[in-house]
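> This structure is in structure tokens; I'll ask about it shortly.
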Amino acid sequence: MAQLAQVNAAVLRFPLDDARLAGFLTAVDRIGTLAERAPGFVWRHPDAHVQPRVETIVNLSVWTDYPSLHRFVYRSAHGQLVRRRGEWFRHTTGPTTALWWVRDGHEPTPDEALARLTYLRAHGPTSRAFTVRRRFDAEGRPERR
Numbered sequence: 001m002a003q004l005a006q007v008n009a010a011v012l013r014f015p016l017d018d019a020r021l022a023g024f025l026t027a028v029d030r031i032g033t034l035a036e037r038a039p040g041f042v043w044r045h046p047d048a049h050v051q052p053r054v055e056t057i058v059n060l061s062v063w064t065d066y067p068s069l070h071r072f073v074y075r076s077a078h079g080q081l082v083r084r085r086g087e088w089f090r091h092t093t094g095p096t097t098a099l100w101w102v103r104d105g106h107e108p109t110p111d112e113a114l115a116r117l118t119y120l121r122a123h124g125p126t127s128r129a130f131t132v133r134r135r136f137d138a139e140g141r142p143e144r145r
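Position one of the sequence shown corresponds to residue 1 (UniProt numbering), numbered consecutively onward.
Take a look at the structure:
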């Protein structure tokens, strides 16, 4: 069996202690708890939002399937934060989110996840790393929209 891993990396507009990030930082724990209670949630990296990497926030989680991830990201309170991302994060060229399939029980590391995102940026969507818009199934076949 396979589960869907996702990584999202965003570059902060301000230092972590800047008051302009207060809305984001206040919501992090609440949204993390919401994710953990969402149907289809499997696992999330415990320090994903608080590990700045050159002012980059990395979010890493695993889900049973794409529909579960989609419902959480766009149809829950998390969607309100997605709409406000421009307030807290810099615009970057290229994908900021990568998806890939992992074996059941595998908990990807931030380094593994960022390597997938780097691969996606260099090679475009493939079964190794893909986007929300151009997905692949667990057997590596492109999904039809």
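C-beta: ideal position from N, C-alpha, C; glycine also. Keep in mind it's a predicted model, so treat the numbers as computed, not measured.
Between which two residues does the beta strand (DSSP E) carrying residue 97 extend?
Counting from one through the sequence shown, the residue named residue 97 turns up at place 97. Start and end: 97–103.
> On a Cα-Cα basis, can you pick out the residue from 43, 8, 36 and 7 that is closest to residue 105?
Position 105 of the sequence shown, counted from the start, is the residue given in the question as residue 105. Measuring from the Cα of residue 105, the nearest candidate turns out to be 43.
> Output the residue ranges of the beta strand (DSSP E) runs that lie fully inside the UniProt domain "DUF3291" (4–134) and measure 3 residues or longer, sorted by chain position.
The qualifying runs are 41–44, 56–63 and 97–103.
> Quick check: what's the CA-CA separation for residue 113 versus residue 6?
Here residue 113 corresponds to residue number 113 of the sequence shown, with the count starting at 1. Here residue 6 corresponds to residue number 6 of the sequence shown, with the count starting at 1. About 8 angstroms.
> Contact between the stretch 128–138 and the stretch 81–88 is defined here as three or more beta-carbon pairs at a separation below 8 angstroms; is this criterion met?
The stretch 128–138 is not in contact with the stretch 81–88.
> Alpha carbon to alpha carbon, how far is residue 171 from residue 79?
In the structure as shown, the chain begins at 1 and stops at 145. Residue 171 is therefore absent and cannot be evaluated.
> Return yes when the Cβ of residue 89 is within less than 7 angstroms of the Cβ of residue 10, no when it is not.
Residue numbering aside, residue 10 sits at position 10 when the sequence shown is read from its first letter. Residue numbering aside, residue 89 sits at position 89 when the sequence shown is read from its first letter. In this structure, residue 89 lies closer than 7 angstroms to residue 10 by Cβ.
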